[in-house]
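Residue numbering for the sequence shown follows this note's numbering, beginning at 2 and increasing consecutively. Glycine included, each C-beta is placed from N, C-alpha and C at the ideal position.
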Amino acid sequence: MKARLIGLVALVVLVAAVAWQWHADEADAQAHRLTALDPDAVNHIEVALKGLPPERFDRRDGRWTSATAATDEGRAEDLAALAATPVASWRPAGEFDAAKIGLAPPVAVLTLNDTRIEFGDMTALRKQRYVRVDRQIAIVPAQALPRPPRADSLAAPSSSAR
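What follows is the structure, encoded as structure tokens:
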């Protein structure tokens, strides 16, 4: 009986330790993402790339629409996915000269719901990029940048945009 009780207590402690570790891993993973947004929860996107007109996408009934350009749903999904971009490190924005890292003005500005994300230049090693979110600078993979629209999507807005 005593051995069973000790075994049961050990099992409960083990399960509690695994649950705590799982929770800690989830919290750590969240801290190493560009935003806390779930890309599937993004329902409004605004994007401005240097030299191109700003665009806006809204998700309605599970589909992306745009009043500013022909709707490229794949591109809208790609833009929303940038919310979960992995971050190598976070630094206070005050540690950088925004002009020297391409954030004055930014190369691209992406707003996902109400979260503004500013994309700057690549780092000196050219495999990472500077990104400002609030008052912090994230170091992210170089390819984390809103892609420009296809040439055919710069035409008149689609009829489903309304």
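For residue i, which of the options has the nearest alpha-carbon?
i: residue 102; options: 122, 94, 92; result: 122
i: residue 58; options: 142, 44, 125; result: 44
i: residue 113; options: 84, 140, 107, 126; result: 84
i: residue 1; options: 109, 75, 36; result: As shown, the chain starts at 2 and ends at 163. That puts residue 1 outside it, with no answer to give.
Rounded to whole angstroms, what's the CA-CA distance from residue i to residue j? Just pull it up for me.
i: residue 72; j: residue 136; result: 32 Å
i: residue 78; j: residue 151; result: 14 Å
i: residue 56; j: residue 96; result: 31 Å
i: residue 33; j: residue 87; result: 6 Å
i: residue 129; j: residue 42; result: 26 Å
i: residue 132; j: residue 62; result: 31 Å
i: residue 141; j: residue 4; result: 52 Å
i: residue 38; j: residue 117; result: 12 Å
i: residue 66; j: residue 60; result: 6 Å
On the criterion of 16 or more Cβ atoms from any shown chain inside 10 Å, does residue i qualify as buried, or is it exposed?
i: residue 119; result: buried
i: residue 90; result: exposed
i: residue 138; result: buried
Taking the DSSP output, what are the residues bridged to residue i?
i: residue 87; result: 34
i: residue 135; result: Answer is none; residue 135 lacks a bridge partner.
i: residue 123; result: 130
Using beta carbons (cut-off 9 Å, strictly below), is residue i in contact with chain D?
i: residue 83; result: As a matter of chain content, chain D is missing from the structure shown, which is built from one protein chain.
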